[in-house]
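Participant:
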Amino acid sequence: MDEGGRGMPTVLVGLLWAASLTCCFNLEPQSAQIYNYPDTSSPEREPYFGYAVALQHDDKQDSSWVIVGAPRANSSYHDKSVIIEPGALFKCSLTSETCDELLVDQTGNDKYDSGRQTFHYHDLKNYGWLGGSLDSQLKYQSNRQATCVCAPQWKDQLWTINRHMNGACYIAYDALSNDTNFKKEVPLVNRKKQQRGDFEIYAYGQAGFSVHFPDDSTKLIIGLPGVNRWEGSVLLFEDEKEETTIPTRKKRQAENRNQMFLYDTEVAQSDEFDDSVLFGYSVTSGNFMDPNETHYAAGAPRAGNSFGKVMIFEFPSYEGSELVTKGMLEGDQIGEYFGAALAAADINGDGLDDLIVSSPMYSGNNLENPDRGRIQSFLSTQGNFVHRKSHHGTEVTGARFGTSVASPGDLNHDGFEDIVVGAPFEGTGAVYIFLGSQSGLKDRWSQRLSPENFTPFLKGFGMSVSRGVDIDNNGYSDLAIGSFLSGHAVVVKSRPVAKLLGKVIPSPSSVQWEKNTTINVKTCLHYTGHSVPQNLSVRAKFILDYGNTMFRAVFDDKQSTHSFLEQLVIDNDKCRDHRVTVKEDKINPDFPISLRLEYELEEDSALELTKRPVTDPAARNYTMNSVFIVKDCNGKICRVNMKTTAEFINGIKDVVVIGKMNKLRVTVSNSGEAAYLPNMTLSADRYFILTPPVSHDCDISTNDTKVLLQCQLSNPIKNNSSPDVLEVAVKVNESQLMESISQLELDVNVLGEGEEVESDDNFIPMKLKLATEANLELHGASEEEQVPYKLSDNKKSIITKNVKFNHTYVLIKKGPTPLHLIDLILDIPVNFTYGLNFVKVYGWKEKYSDPYTFNCELIGIKKAIRSSSNNSSMSYGGDVAVTTGNSDIHAANSEKESDGGVQYFNCSSNLIKCARLYCPIHDWVLNTQSAKVSVELDVDLSVLAKHISVKDGTVFSSMAHATIQSLKPQVVHFGNKTITGVVVTYIQPDTLLSVGVPWWMILLAVLGSLLLLGLVGYLLYKKGFFKRTEREEMKAQRARVESSSQGGTVNTAEIED
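Residue numbers (the numbering used here): 66 to 1122.
#1: What is the DSSP secondary structure of M745, reduced to helix, strand or coil?
#2: Check for me: the alpha helix (DSSP H) holding Y1083 runs from which residue to which?
#3: Please list the terminal residues of the continuous alpha helix (DSSP H) segment that includes W295.
#4: My output table needs one value for T948: the three-state DSSP class, helix, strand or coil.
#5: Output the distance between the C-alpha atoms of I1044 and S786, rounded to the nearest integer angstrom.
#6: With a threshold of 6 Å on Cβ separation, who are the neighbours of E358 within its own chain once the five nearest residues in sequence on each side are excluded?
#7: Where DSSP assigns a beta bridge to P642, which residues make up the other side?
#8: Could you have a look at N840 and say whether DSSP puts it in helix, strand or coil?
#9: Measuring only the C-alpha atoms, how far is L77 from D244?
#10: How many angstroms separate the CA atom of D397 from the CA atom of V214?
#11: Which residues mark the beginning and the end of the alpha helix (DSSP H) in which G369 is found?
#12: Would H187 and N208 be called neighbours here (beta carbons separated by less than 9 Å)?
#13: Can you name the start and end residues of the beta strand (DSSP E) that L1006 belongs to?
#14: Please state whether DSSP places H885 in a helix, a strand or coil.
#15: Short check: CB of A1027 to CB of L886, under 9 Å?
#16: Classify L729: buried if its beta carbon has 16 or more other beta carbons within 10 angstroms, exposed otherwise.
#17: I'd like the list of long-range same chain contacts for D1151, defined as Cβ closer than 8 Å, with 5 residues on each side in sequence excluded.
#18: When DSSP builds the beta bridges, which residues end up paired with K997?
#19: Are E93 and T520 touching if we call contact CB-CB under 9 Å?
#20: On a CA-only basis, which of D543, R509, V451, Y402 is nearest A471? Give me that one, please.
#21: Counting Cβ pairs, one atom from each stretch, are 3 or more of them under 8 Å apart for the region 367-375 and the region 264-276?
#22: Output the distance between the C-alpha atoms of N101 and S298, rounded to the nearest integer angstrom.
#23: Considering only the alpha carbon of each residue, which of N449, M426, S548, E665 lies closest to P435?
#24: Whose C-beta lies closer than 8 Å to the C-beta of D944 among residues of the same chain, with five residues either side of it excluded?
#25: Just to confirm, are V486 and G467 a CB contact at a threshold of 9 Å?
#26: If you run the structure through DSSP and keep just helix, strand and coil, what is Y238?
#27: May I ask you to verify whether the region 623-636 touches the region 653-660, counting CB pairs closer than 8 Å and requiring at least 3?
#28: Considering only DSSP beta bridges, list what C157 is partnered with.
#29: In chain order, what residues of the same chain have a beta carbon less than 6 Å from the beta carbon of G567, not counting five sequence neighbours either side?
#30: So A237 packs on L195, CB below 8 Å; how close in whole Å?
#31: Sort Q447, Y497, A135 by Cα distance to P356 and report the nearest one.
#32: Are the beta-carbon atoms belonging to L633 and P743 less than 9 Å from one another?
#33: Quick one: grab the DSSP three-state call for D280.
#34: My parser needs the alpha helix (DSSP H) runs of 4 or more residues fully inside the region 365-419; what are they?
#35: Just curious, the beta strand (DSSP E) that C776 is in, first and last residue?
#36: If the criterion is Cβ atoms closer than 9 Å, does the pair R604 and L550 meet it?
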C-alpha cells in the first residue's frame, strides 16, 4: 500500500459458466468483477472488507463505482499503532480496476468543542466499525448524490472512565472522489443525556447501526438500537425547509442547501417497546399507504418477548413528540430475529410498496437444525399489510438466510420489483433472487448465486447486498455483493431479458374421423424486450401430436418433429408454413391432435456478454394449438347402444374346472351411433389366472383381492360393423385357493366414449362354481397268462414244485384337475384260512412318470427272500412267507369251490386270506402321467395240489382298486372317483396249452374277406347307393344334432360316490 492509502486490488472476471439453471437467469456471474481488500500486507484480523456495499452511478460523468466498507480495517490515513482498526471506506472503480481508500475523517482521536457545554466530545475512533453500515442515493437529484457511512461503535472518551459508544455517521453530498468532504454527525453526544443515575440514555446508542436514504433525497434515516438502555429508536436527518411546523425556538439554521440538520438531540420515542428490544436494528422506507407519501419501517428483533416486531411509522411534526405508529408486524417464532433486515419494494405492481422482513435465526419446526433463516413478504393493501408469506433458501442449518435483504428494482423488467437475499453462512455463502409477480413474491427463488459460480476462495458471500443500479447502461439493474470473511466485493451485471412469443395456426382446424387429411399449419415467432438487440436468432422445434406415443399426424418426410432456426427482428412476426398429413387412424376423437411449438434463444457470440439477451427460465417457452377430430355422430356426444355377452365355450355354464384352461368368450356389438374408445375390463377374484387374447391390446394388473384385465376393443364399434369378439383363458390358481371356497366371482364390464342408451347390458357379473374333472383308468396284465406245470407219467400228480409269474397294474389319470392323493391298493391271495401259505411275494417295482416317484407298502405278509441254492424251487429258508395276523389279511365273501373242474384262487373265497400292497400316489398333476406296479409272485404247487384238480389246473387272480382321496366335498366333481381291476393267471398242466393256428389258414381267411368286400361294393354301386339325393340333407341333419349336443356331457354311470 502506498503512502496515500491507494492500492491496486485484484480484479477478477469470472470465467466459469453457471453450473446449473439454479444459478442462471439474467445476473451473469461469467462477467462479474471481484475486488479484494487492497492492503497486500497480512492484517492481524480479517478487515471484513465487503461487510457493507453500495453501487453508485454518476449520470453527469457517466461513470460508476462500488463503495465497500471494511469495519475492522486499519486506515492508511492514521497511525495504526495509535488508532487501531477504526474501519475504512473504499471506492472501487469499474473501469480503472482500482480500489482507493476514501479519507472520511482526517482528524485523529481529537477533542471537539462546539462552544456549547453540552455539545463537545473527545474522539475515540479505535474499533469504531467505520463502514459497518452505509447507503447511497441511487440517482443524482436535488443537486446531490449523497453517501452516508457510519461507525456505530465510535466512542466519546471525554471522561476516560466512561467511554460512551454513541456512534457517528459521515455524509458526503457529491460524487465520491479522493478529496470528497464528509460531514461528521454525532447526534448522541449531548452530555446531559448520557445517563440518568444507572439508566443509560444515549451512552450506548450506536447511532448508525443501520442507515437508509428514502426516495426523497433531502432525507436520511439512521437506526439507534442502543438508546434508552437498548430500547432503541430512529433518527431523521432532513434539509431545512422554508416553511416548517417546528417552533422557531427549535429551529437550527443550515449553512446551505447541501447540508442536513437533525432535530434537537431529543430523540423521538415510541411507547410500543420496552428495554432491550433493539428498535432501529434495521430501517427502510416506502410508499406503503399512498403512492405519493413516504412512511418508514424499523425492526426490533427482540421485541414481543423475543418474537420480534417491525413498526411502520411517521416521524412527529414536533420535536419531543412520539413516533406515529401506522402498523405493527410480529414474528411467530421466539428468537428468530424477526426484523433483522428490511426491504421495501412494489413486488405485486399495484403502485404501493410492500414490505420484506427477514428472520435469519428462524429454525422452522425442527429446532435441531437452527438458524436456517427465512424472509416473509407482506403485501400492502390500502395501508394494511396482508397476505403474509414465507420464503426460504435451501434451508441449510446455520445458513442465516435473510442476513441481508435489498431490492434491486425490477431486475427482469416484467413490471414487478424483485428482492435479493443473502445467506452468508450457507456453506461459504449464497445469494438468492426472488422475482415479483401479480400475486406477490414468487414462492421459489429464480436464481441462486454462490462462490462456486465465481472463484473458490470467497467466504461469507452474501453478508451484504446493494440496491440495484444500472452501471453499464444496458437498461438493467446490476448488483454488488459483499463476501466479508474472505475480504471481497463482487459486482454482478445483468443481461437483457427477451420475451419470446409464438403462434400455431392450423388450417383447417378440424378433420374428419375416417379420412386421411392434409392441412396447412402456420407457425409464427415474435420477439420483444427492454433494451434488447434489434435482431437475434431463435431455435424452434415444431412437434405434431404432442403427448401422444402413437403419432396421428406427420410432415411430408413422415416425421412428427421438425427443428429450424429463425432470424427475428424485434417486435416483428416471422412465420412459415408446414404441410401436415393427419392419418386415418385417429384413435381417440375426443383427444385432439396437439401442435406444440417450442423455442429458445440462440447465443450470439458476436455480442458483448452483458448485451446478449436471456429468457426467463420460469417463462413458458412454447405455445400450443390443436386440430380437432369430427366424430361420426349427429351431436357432440354420440348415443351408443353396446351389448355384451360372455360365456364359457369349452365347459358347463357357470362352472370353472380346476386345472383346466377355461375359455371365456366375450362378444360386444353396437346398435347405436359409433362407440369410440371402447374397452373391456374383466375383474376376477385373485385366485384366477387370466391369459389375455393375442387379438387385442390388453394389460393385466393385480391388487390384494382382484385380478384386472383391461383390453382395448375395435375403435370405433359401429352399428353396421361385425361384433368384436375376445377369448380369454381363465384358469384357477389352485395353489392359493383356500379350503372353504366353492364359488368364485368374475365380472365383465364394457365402456366407451359417448352416452350409453342401455348401460345394464354391458356389465355381466358371473358367480362361478368350482369343479374338478378327472377320470381314472386301471389296466392289469399277467406277464405269463398261462403258466404250465408237468404231470407225472400216470397223470395223477404234479411234478413241478412251484411256478413264478408277475402281476402288473397300470393306473392312468385323465382330466385337467391335479389330484393330490390317490390310493392304489392290490389284494393278493397268499394263505389258506387254516394258515398254510401257498404264495410268496418276492418283491414289486413302482414306476412313475419322471421325475416323480411313489412307494408301496406290503401289509399282511413279509416279503420273501430268494434261496441262493435253486431259483426254480420254492425254498422257505429262515424267513418263510407266513401271515402276520388276521387283522391285516383280507378275506372275501365265502365262495364254495366244487370238487372237480378248474379251481379259482382269489380274495373273494372264504377259504383264502390275502395280503395287501398299499401304494399312495401324491400330487398327480399331468394327464400324461401313469403309475405302474409290478408284483413278483411264487406259487407253491406242493401245497396247492391238494386243493385243485391235477388235470384241470387252477385260476389265480389278484385284484386292485384306486380311489381319489383329495377331492373337496363342497366342490363338484366330474368323472369317476374309484375304479377296480383284476389280473388272472391260468396255472395248467402243459398238456392243456393253446396250439397256434397254421399260417395257410390265416392267409386263406384274409383273401376271402377281401373278395366279399369287393362284391358288396359292386352291388351297392349298381343299386345307385352312391348317387342318392338325400345325402346333403343327411349331412345337415347330422350337423344340427352335433350342434345341439355342444357344451359337454357327463356319463353319470362312471361317477361313484
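Beta carbons: idealized from backbone N, C-alpha and C, even for Gly.
Facilitator: On the basis of the supplied data:
#1: strand
#2: Note, Y1083: alpha helix (DSSP H), 1064-1087.
#3: 292-295
#4: Annotation note: pLDDT 32 at T948 (below 50); position unreliable, coordinate value reported separately. In the structure shown, T948 sits in a strand (DSSP, three-state: E or B).
#5: 53 Å
#6: none
#7: Checking the displayed sequence, the identity of residue 642 turns out to be Asp instead of Pro. Answer by DSSP bridge pairing, in chain order: K587.
#8: Reduced to three states, the DSSP call for N840 is strand.
#9: Because the pLDDT at L77 is just 36, under 50, the model does not fix this residue reliably, and the value given afterwards should be weighed accordingly. Between L77 and D244, the C-alpha separation is close to 27 Å.
#10: 33 Å
#11: Start and end: 368-371.
#12: no
#13: DSSP places L1006 in no beta strand (DSSP E) but in the uninterrupted alpha helix (DSSP H) bounded by 1006-1009.
#14: Here H885 sits in strand by DSSP.
#15: no
#16: buried
#17: In the structure as shown, the chain starts at 66 and stops at 1122, and residue 1151 therefore has no counterpart that could be examined.
#18: V875, K912
#19: No, these two residues do not count as a Cβ contact at 9 Å.
#20: D543
#21: no
#22: 35 Å
#23: Nearest C-alpha to P435: M426.
#24: Reliability of the predicted coordinates at D944 is poor, the pLDDT of 31 falling under 50, and no value is obtained from them.
#25: Going by C-beta atoms, V486 is nearer than 9 Å to G467.
#26: When secondary structure is reduced to three states using DSSP, Y238 falls in the coil class, being assigned neither helix nor strand.
#27: No, they do not touch.
#28: V131, C164
#29: Once the five neighbours on either side are set aside, the close Cβ partners of G567 are L590, L662, Y664, T688.
#30: Not quite, the Cβ-Cβ distance comes to about 13 Å (not below 8 Å), so this is no contact.
#31: Q447
#32: In this structure, L633 sits away from P743, with a CB-CB distance that is not shorter than 9 Å.
#33: coil
#34: 368-371
#35: 771-777
#36: no
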